[in-house]
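Visitor: Below you'll find the structure I mean.
Number of protein chains: 2
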Amino acid sequence: MSTKATTTLNDVNMEAVAGLAGKIQEAPDVADTKWLAQVKWNGGFRSEAKIRDFSPLSSDEPPALGGTDNGPNPVEQVLAALGNCLAVGYAANATVAGIKINDLTIDLEGDLDLHTFLGLNEGNAGYSNISVKVNIDSNATPEQLEALHSKVTNSSPVGHTLSRAVPLNIELS
Amino acid sequence: MSTKATTTLNDVNMEAVAGLAGKIQEAPDVADTKWLAQVKWNGGFRSEAKIRDFSPLSSDEPPALGGTDNGPNPVEQVLAALGNCLAVGYAANATVAGIKINDLTIDLEGDLDLHTFLGLNEGNAGYSNISVKVNIDSNATPEQLEALHSKVTNSSPVGHTLSRAVPLNIELS
Chain A
2 MSTKATTTLN
12 DVNMEAVAGL
22 AGKIQEAPDV
32 ADTKWLAQVK
42 WNGGFRSEAK
52 IRDFSPLSSD
62 EPPALGGTDN
72 GPNPVEQVLA
82 ALGNCLAVGY
92 AANATVAGIK
102 INDLTIDLEG
112 DLDLHTFLGL
122 NEGNAGYSNI
132 SVKVNIDSNA
142 TPEQLEALHS
152 KVTNSSPVGH
162 TLSRAVPLNI
172 ELS
Chain B
2 MSTKATTTLN
12 DVNMEAVAGL
22 AGKIQEAPDV
32 ADTKWLAQVK
42 WNGGFRSEAK
52 IRDFSPLSSD
62 EPPALGGTDN
72 GPNPVEQVLA
82 ALGNCLAVGY
92 AANATVAGIK
102 INDLTIDLEG
112 DLDLHTFLGL
122 NEGNAGYSNI
132 SVKVNIDSNA
142 TPEQLEALHS
152 KVTNSSPVGH
162 TLSRAVPLNI
172 ELS
């Protein structure tokens with residue numbers, strides 16, 4: 002019965018996660034995953050991203066940047082990806098620790114200097130820093146929350162993708 | 002008349018972009034932009050990201066990772082953001098160079114080792130590398146395309162955000 006309780010805590014399917022971890026311990030190559038997306042330009046600064054069979058995600062720039070505001074812009078999408086990834090991390094690690102999450106919201110903001118994007122100088126076109134505030138309502142003690150927070154930030158795929166330099170290979174085909 | 006032709010090439014509003022660049026040359030602080038997102042956890046590995054007044058973007062993990070497949074997962078969203086950002090870069094820089102884009106699609110893939118995310122070891126939980134193929138049909142010569150490609154990759158906000166280490170400040174509030 003305790004297995005069932007663990008499975009449904011936070012509505013997280015820990016059996017699936019544990020099953021995958023078990024498979025990887027038997028065959029480490031199972032951990033080598035590849036993820037895909039395809040982007041199609043739709044004129045102006047509008048584009049859409051296709052991921053598996055999901056509806057395409059619309060992207061555009063706001064009018065001040067020459068766009069038509071048909072969707073969030075790419076740098077906003079990066080913040081969304083980070084927040085969504087942290088949410089998975091909190092849900093997974095809280096469940097493992099037996100912590101019930103009542104509510105979780107994550108506020109993200111990033112600072113970006115437009116000079117390089119606009120061709121006004123060379124340098125860093127990307128975020129100079131990203132700040133995240135995690136608002137969690139749970140049955141955990143402050144100490145448990147700090148331990149949870151540490152686990153999440155030390156194992157976040159998007160967090161690490163952003164906080165480390167990722168080799169990009171961008172080619173004209 | 003040539004101004005009008007430039008404005009409508011690729012349906013890109015270069016007047017707005019040039020206007021912003023002009024404002025920044027007069028007042029460099031105008032280039033200091035801040036971007037926001039808020040993520041709300043919806044149980045399990047489901048969450049949604051709210052950006053300005055756009056409809057929330059749904060995020061989830063596939064069943065093999067313990068999710069219910071209610072949307073693209075966060076690492077896929079990172080690839081989408083990069084592709085969308087490159088599309089803006091190609092559209093903007095092609096327009097400045099007088100290149101007409103007939104068609105543009107961008108295929109992205111990233112490699113990620115799940116060991117760290119699953120708590121099986123410490124290390125890099127994020128992408129070890131990201132590969133991008135840009136398929137562009139235009140009236141440009143190969144030399145013009147190479148120059149365009151170089152400009153885009155040297156000035157891409159999401160490209161630089163990924164290829165450089167961004168300071169992340171993630172706090173429990």
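Quick mapping for you: the protein sequence lines, in order, are chains A and B. Sequential numbering from 2 applies to the first sequence in the numbering used here. Sequential numbering from 2 applies to the second sequence in the numbering used here. Don't be surprised by glycine CBs; every beta carbon is placed ideally from N, CA and C.
On the CB-based measure, 16 or more other CB atoms within 10 Å of its CB, does Asn14 of chain A come out buried or exposed?
Guide: Your numbering for residue 14 of chain A matches position 13 in the first sequence. Asn14 of chain A should be labelled buried.
Visitor: Would you please verify whether the beta carbon of Lys101 of chain B is less than 7 Å from any beta carbon of chain A?
Guide: Start at 1 with the first residue of the second sequence, and residue 101 of chain B comes out as number 100. Output row for Lys101 of chain B: interface = no.
Visitor: Find the nearest neighbour of Ala141 of chain B within the set B:Ala92, B:Tyr128, B:Ile107, judged by alpha-carbon distance.
Guide: On the second sequence, residue 141 of chain B is found 140 positions in, with the first residue counted as 1. Of B:Ala92, B:Tyr128, B:Ile107, the residue nearest in Cα terms is B:Ala92.
Visitor: Pairing CB atoms from the region 127-145 of chain B with CB atoms from the region 58-70 of chain B, are three or more of them under 8 Å?
Guide: Output reads no: the region 58-70 of chain B does not touch the region 127-145 of chain B.
Visitor: Is there contact between the region 102-111 of chain A and the region 71-79 of chain B, where contact requires at least three CB pairs shorter than 8 Å?
Guide: As far as the Cβ criterion goes, the region 102-111 of chain A does not touch the region 71-79 of chain B, which means the pair count is below three.
Visitor: Tell me the residue span of the alpha helix (DSSP H) that contains Ile25 of chain B.
Guide: By one-based count along the second sequence, residue 25 of chain B stands at place 24. 15-27 is the span of the alpha helix (DSSP H), which, as asked, contains Ile25 of chain B.
Visitor: Which whole-angstrom value is the C-beta distance of Trp42 of chain B and Leu80 of chain A, which I expect to be below 8 Å?
Guide: Locating residue 42 of chain B in the second sequence gives position 41, counting from the first residue. Locating residue 80 of chain A in the first sequence gives position 79, counting from the first residue. 16 Å between Cβ atoms; not a contact.
Visitor: Whose Cβ in chain B lies nearer than 7 Å to the Cβ of Ser60 of chain A?
Guide: Here residue 60 of chain A refers to the residue found at position 59 of the first sequence. By Cβ distance, chain B contributes Asn85.
Visitor: Residues of chain A with CB under 7 Å from Asp12 of chain B, in chain order?
Guide: In the second sequence, the residue the question calls residue 12 of chain B occupies position 11. Per Cβ cutoff of 7 Å: Gly44, Gly45.
Visitor: What are the residues of the region 110-125 of chain A that lie near chain B, defined by any Cβ-Cβ distance shorter than 8 Å?
Guide: The region 110-125 of chain A vs chain B, Cβ under 8 Å: Glu110, Gly111, Asp112, Leu113, Asp114, Leu115, His116, Thr117, Phe118, Leu119, Gly120, Leu121, Glu123, Asn125.
Visitor: Since I believe Ile171 of chain A is in contact with Val135 of chain B (beta carbons under 8 Å), could you give me their beta-carbon distance rounded to a whole number of angstroms?
Guide: For the purposes of this step, residue 135 of chain B is taken as the residue at position 134 of the second sequence. For the purposes of this step, residue 171 of chain A is taken as the residue at position 170 of the first sequence. With 8 Å as the limit, Val135 of chain B and Ile171 of chain A qualify as a contact, their Cβ atoms being about 7 Å apart.
Visitor: Distance check for Val97 of chain A and Gly44 of chain B, CA to CA, integer angstroms please.
Guide: Numbered from its first residue, the second sequence carries residue 44 of chain B at position 43. Numbered from its first residue, the first sequence carries residue 97 of chain A at position 96. Taking the straight line joining both Cα atoms gives about 15 Å.
Visitor: Find out if the Cβ-Cβ distance for the pair Leu173 of chain B, Ser164 of chain A is shorter than 7 Å.
Guide: Residue 173 of chain B sits at position 172 when you count from the first residue of the second sequence. Residue 164 of chain A sits at position 163 when you count from the first residue of the first sequence. No, these two residues do not count as a Cβ contact at 7 Å.
Visitor: Looking at chain A, is there any beta carbon in it that lies within less than 7 Å of the beta carbon of Lys41 of chain B?
Guide: Sequence index remark: in the second sequence, residue 41 of chain B carries index 40 (1-based). True, the Cβ-Cβ gap to chain A drops below 7 Å.
Visitor: At the 7 Å Cβ level, is Gly23 of chain B part of the contact set with chain A, yes or no?
Guide: In the second sequence, the residue the question calls residue 23 of chain B occupies position 22. Taking Cβ atoms only, chain A never reaches closer than 7 Å to Gly23 of chain B, which makes this a no.
Visitor: Once the 5 residues before and after Ser157 of chain B are set aside, which same chain residues still bring their CB inside 7 Å of it?
Guide: If you number the second sequence from 1, residue 157 of chain B lands on position 156. Closer than 7 Å at Cβ, skipping near neighbours: Cys86, Leu87, Gly90.
Visitor: Got a sec: is the Cβ-Cβ distance from Ser151 of chain B to anything in chain A below 7 Å?
Guide: Start at 1 with the first residue of the second sequence, and residue 151 of chain B comes out as number 150. It does not: the Cβ of Ser151 of chain B has no partner Cβ on chain A nearer than 7 Å.
Visitor: Asp138 of chain A touches chain B at which residues, Cβ-Cβ below 7 Å?
Guide: By 1-based counting over the first sequence, the position of residue 138 of chain A is 137. None at all; the shortest Cβ gap to chain B is about 10 Å.
Visitor: Which word fits Gly160 of chain B, buried or exposed, when buried means at least 16 other C-beta atoms lie within 10 angstroms of its C-beta?
Guide: As a first step, residue 160 of chain B is located in the second sequence; it is residue number 159 there, counting from the start. Buried, because 16 or more other Cβ atoms sit within 10 Å of the Cβ of Gly160 of chain B.
Visitor: For Thr154 of chain B, I'd like the list of residues in its chain whose CB is within less than 7 Å of its CB, leaving aside the five on either flank, ordered along the chain.
Guide: Taking the first residue of the second sequence as position 1, residue 154 of chain B is located at position 153. Cβ neighbours of Thr154 of chain B beyond the five flanking positions: Gly160.
Visitor: Taking Cβ-Cβ distances shorter than 7 Å, what residues in chain A pair up with Glu77 of chain B?
Guide: Walking along the second sequence from the start, residue 77 of chain B turns up at place 76. Correct list: Trp36, Ala38, Ile52.
Visitor: Which residues in the same chain have their Cβ closer than 7 Å to the Cβ of Thr117 of chain A, if we skip the five residues on either side of it in sequence?
Guide: Against the first sequence, residue 117 of chain A aligns to sequence position 116. Once the five neighbours on either side are set aside, the close Cβ partners of Thr117 of chain A are Glu123, Gly124, Asn125, Ala126.
Visitor: Gln145 of chain B touches chain A at which residues, Cβ-Cβ below 7 Å?
Guide: Counting from 1 along the second sequence, the entry for residue 145 of chain B is found at position 144. Those do not exist, as Gln145 of chain B stays about 11 Å from chain A at its closest Cβ, beyond 7 Å.
Visitor: May I have the straight-line CA-CA distance separating Glu144 of chain B from His150 of chain B, to the nearest angstrom?
Guide: Sequence index remark: in the second sequence, residue 144 of chain B carries index 143 (1-based). Sequence index remark: in the second sequence, residue 150 of chain B carries index 149 (1-based). Roughly 10 Å separates the two Cα atoms.
Visitor: Would you mind working out which of A:Ala148, A:Lys152, A:Val133, A:Val18 sits nearest Thr69 of chain B, comparing C-alpha positions?
Guide: By one-based count along the second sequence, residue 69 of chain B stands at place 68. Taking only the C-alpha atoms, the option nearest Thr69 of chain B is A:Val18.
Visitor: Residue range of the alpha helix (DSSP H) that Asn85 of chain B falls in?
Guide: Counted from its first residue, the second sequence places residue 85 of chain B at position 84. Here the alpha helix (DSSP H) through Asn85 of chain B covers 75-97.
Visitor: Can you tell me whether Thr106 of chain A is helix, strand or coil according to DSSP?
Guide: Position 105 of the first sequence, counting from 1, holds the residue named residue 106 of chain A. Residue state, collapsed to three classes: strand.
Visitor: My output table needs one value for Asn136 of chain B: the three-state DSSP class, helix, strand or coil.
Guide: On the second sequence, residue 136 of chain B is found 135 positions in, with the first residue counted as 1. It is a strand residue.
Visitor: Is Lys152 of chain B a contact residue of the ligand SAM, with contact defined as CB to any heavy atom under 6 Å?
Guide: Ligands in the displayed structure: none, and consequently the ligand SAM is not present.
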